[in-house]
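Protein chains: 4
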Amino acid sequence: MMPFSHQIRVTYGDTDQMGVVYHANYLNYFEISRTEMMRSQGLTYRALEAAGVLLQVVHCELDFHHPAHYDDLLEVRSVVSQLGKASLVISSEVRRGEERLVTGKVKLAAVSRQQGRIIPLPPQLTDAIRQFCAPTNSGG
Amino acid sequence: MMPFSHQIRVTYGDTDQMGVVYHANYLNYFEISRTEMMRSQGLTYRALEAAGVLLQVVHCELDFHHPAHYDDLLEVRSVVSQLGKASLVISSEVRRGEERLVTGKVKLAAVSRQQGRIIPLPPQLTDAIRQFCAPTNSGG
Amino acid sequence: MMPFSHQIRVTYGDTDQMGVVYHANYLNYFEISRTEMMRSQGLTYRALEAAGVLLQVVHCELDFHHPAHYDDLLEVRSVVSQLGKASLVISSEVRRGEERLVTGKVKLAAVSRQQGRIIPLPPQLTDAIRQFCAPTNSGG
Amino acid sequence: MMPFSHQIRVTYGDTDQMGVVYHANYLNYFEISRTEMMRSQGLTYRALEAAGVLLQVVHCELDFHHPAHYDDLLEVRSVVSQLGKASLVISSEVRRGEERLVTGKVKLAAVSRQQGRIIPLPPQLTDAIRQFCAPTNSGG
């Protein structure tokens, strides 16, 4: 199992007056990375929404080890660390070269766009992300 | 005619590594101010949308004279500088005390939420904002 | 012990195409609330920074129970749930009336602006926030 | 003269509840594009700042013709439409395929990081962007 890797360039607007990336922006980096994870397997989140499935963030947590700076080219490495019936957890780390800057995870629940109710993860999603599932959870 | 005045506190996330408010954020300040302008007259933009009317930004321009800093308590003064059949222009200045930091204007067009077509400004909107119309345009 | 309470109005820019507040923005709401918590006791975070003390976010976690919508007037209730030598944890809940929408906590570490090193929380900070410390931690 | 072209993928966080890109975010797209314009010629804005030169946005204007949507792959085409002694104007259009969505321009002034004073554009900057200067201004 290989983590999915995606590169993100820090923009000026991402920084704050400490001269580092404002902490909330890492959630945007995670969102971009999971979108690209799906796309890498031929699935767009846009198509998923069009098919009536929303993925809502229900939990997230982040640890900030070292700051990222303007114009850094960051690598976000992500695995699917839990794959449930109606939800999944994606664990990510943000790196600058060999240095680990931020680690975190985001739990997403599948929700019907029409009724707003929790629904099973659609097969096209589980198929797309299966190869990024961490071993201990691949049977879960 | 008195301009509408609204106070906005600069947050940490609004700043960038120059130690000033990132320029794009003034458009958010203008958006907040025009929402509060309507609310001051008993109209919420939310209700307008629920009634099927969207106000889309079709043009904006800003001049940046002096930077605003973290935790500044800014005053946004706004007037309706043009009131057309299907659009309006709101001109604003952002002040810190007597100092004028940013000036700008935003043109908004009324659009039907259903068909996405330009529609006349609804009477409840023009009534609400009439008192903030700059003299030269009050008859326009 | 009373939690600190602060009201925040959801702006248009805070929403995403699901029609709800984009999840990352709650971290901004928390930032605004802790700034106002300090200010309520006569301490500005700006003054703290000017005195050479940065408060860096080292950890955060959030649970999203129900979505907030555009123009909602939210209440953020916060307590200091841990007060250490060089760090503190602020636990918050975001409410809309009686409904609890989001809960979360943010851990902040005091860092010297000059050397970038962890330093003890300055007395003016611990004094300012002491009254918002949750009972079980007031002696910690 | 060829305009500089840069592609930008619309993120979920860029959208608002109208289901389109929130207007303020185009200023971020412009910022990203001009950074990449410089980088394409071997100059990083980061290096420019390290050398003591800030480029401050002093004016901007945008026209919104058609909305962009989540996950759209946009192309931002930019030219240097004015090149002065201490400032420059970059004119851009945001396209989705052949469709022109947004046009705009941003005026930037060179400022000394130390004294905060207007300074001449540094030669490494003018050299880097010269090839993107629109003909009528190349001699200006």
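Residue numbers (our numbering), protein chains in the order written: chain A, 1 to 140; chain B, 141 to 280; chain C, 281 to 420; chain D, 421 to 560.
Quick reminder that beta carbons are idealized off the backbone N, C-alpha and C, glycines included.
Keep in mind it's a predicted model, so treat the numbers as computed, not measured.
Give me the chain D residues within the contact set of I32(A), using Cβ-Cβ distance strictly less than 9 Å, ordered along the chain. Those are R429, T431, Y432, G433, listed as they occur along chain D.
Would you call the stretch 38-58 of chain A in contact with the stretch 166-186 of chain B, where contact means no fewer than 3 C-beta pairs closer than 8 Å? Result no; under three Cβ-Cβ pairs closer than 8 Å.
Can you check which of these residues, A467(D), P542(D), R537(D), E513(D), is closest to H485(D) by C-alpha distance? Comparing Cα positions, the closest option is E513(D).
Does any residue of chain A bring its CB to less than 9 Å from the CB of V198(B)? V198(B) does not count as touching chain A.
Identify the contact partners of E201(B) in chain D, using a Cβ-Cβ distance below 8 Å as the criterion. Those within 8 Å of E201(B) in chain D are H479, C480, E481, L482.
Which runs of the alpha helix (DSSP H), 4 residues or longer, sit entirely within the stretch 26-102 of chain A? Taking 4 residues as the minimum length, the alpha helix (DSSP H) runs contained wholly in the stretch 26-102 of chain A are 45-50, in order along the chain.
Among residues of its own chain, excluding the 5 on either side of K85(A), which ones have a beta-carbon nearer than 6 Å to its beta-carbon? Excluding five sequence positions before and after K85(A), the CB atoms of its chain that fall closer than 6 Å to its own CB belong to P120, given in chain order.
Considering only residues of the same chain and omitting the five flanking positions on each side of Q394(C), which have a CB-CB separation below 7 Å? Cβ within range, chain order: G332.
Identified DSSP bridge partners for I8(A): Residue pairing from DSSP places I8(A) in a beta bridge opposite L74(A).
Residue from R77(A), I32(A), A47(A), D72(A) with nearest C-alpha to T103(A): For T103(A), the closest of R77(A), I32(A), A47(A), D72(A) by C-alpha to C-alpha distance is R77(A).
Beta-ladder partner(s) of T266(B), from DSSP: DSSP output for T266(B) lists no bridge partner at all.
CB-CB length for R314(C) against I370(C), believed under 8 Å: So it is a contact: roughly 5 Å between Cβ atoms.
Opposite V21(A) in the DSSP bridges: which residues? Partner(s): T15(A).
State yes or no: is the beta carbon of D351(C) nearer than 9 Å to at least one beta carbon in chain B? Yes, because at least one Cβ of chain B sits closer than 9 Å to the Cβ of D351(C).
Quick check on Y442(D) - is its C-beta less than 9 Å from some C-beta in chain A? Not one chain A Cβ lies under 9 Å of Y442(D).
Return the residue from the list R236(B), T266(B), P263(B) that minimises the CA-CA distance to Q147(B). Checked all of R236(B), T266(B), P263(B); the closest Cα to Q147(B) is R236(B).
Cβ contact (3+ pairs, closer than 8 Å) linking the stretch 436-445 of chain D and the stretch 287-302 of chain C: The answer is yes - the stretch 287-302 of chain C touches the stretch 436-445 of chain D, with three or more Cβ pairs under 8 Å.
Backbone secondary structure at A554(D) - three-state DSSP: DSSP places A554(D) in coil when its eight states are reduced to three.
Can you tell me whether A330(C) is buried or exposed, with buried defined as 16 or more other CB within 10 angstroms of its CB? Around the CB of A330(C), fewer than 16 other CB atoms lie within 10 Å, so the residue is classed as exposed.
Could you pull the DSSP bridge partners for L528(D) from this structure? Answer is V477(D), L508(D).
G439(D) CB to nearest chain C CB: under 9 Å? Look at G439(D): its C-beta is under 9 Å from a C-beta on chain C.
If contact means a Cβ-Cβ distance below 7 Å, which residues of the stretch 530-550 of chain D contact chain C? Listed by position, the residues of the stretch 530-550 of chain D near chain C (Cβ gap below 7 Å) amount to none.
Suppose the cutoff is 8 Å on Cβ atoms and the five residues either side in sequence are ignored; what does the same chain contact list for R257(B) look like? Answer for R257(B): V251, listed in chain order.
Per-residue burial, E239(B) [other beta carbons within 10 Å of its own, 16 or more giving buried]: Looking at its Cβ environment, which holds fewer than 16 other Cβ atoms inside 10 Å, E239(B) is exposed.
Just the chain D side, please: which residues come within less than 8 Å of K214(B) by C-beta, in chain order? Note on residue identity: the sequence assigns Leu, not Lys, to residue 214(B). Residues of chain D passing the Cβ test: none, with the nearest at roughly 16 Å.
Could one say the Cβ of L188(B) lies closer than 9 Å to chain D's Cβ atoms, at least one of them? Not flagged as an interface residue toward chain D: L188(B), since no C-beta distance is shorter than 9 Å.
If we define contact as Cβ-Cβ less than 9 Å, is T35(A) a contact residue for chain D? At least one chain D Cβ lies under 9 Å of T35(A).
Would you decide whether T407(C) is buried or exposed? Buried here means 16 or more other CB atoms lie within 10 Å of its CB. In the sequence on display, residue 407(C) carries Asp and not Thr. D407(C) sits exposed, since fewer than 16 C-beta atoms from the chains shown fall within 10 Å of its C-beta.
In DSSP terms, what I258(B) is bridged to: DSSP lists V251(B) as partners of I258(B).
Cutoff 9 Å: Y446(D) Cβ touching any chain A Cβ: For Y446(D), the answer is no, since every Cβ of chain A falls outside 9 Å of its Cβ.
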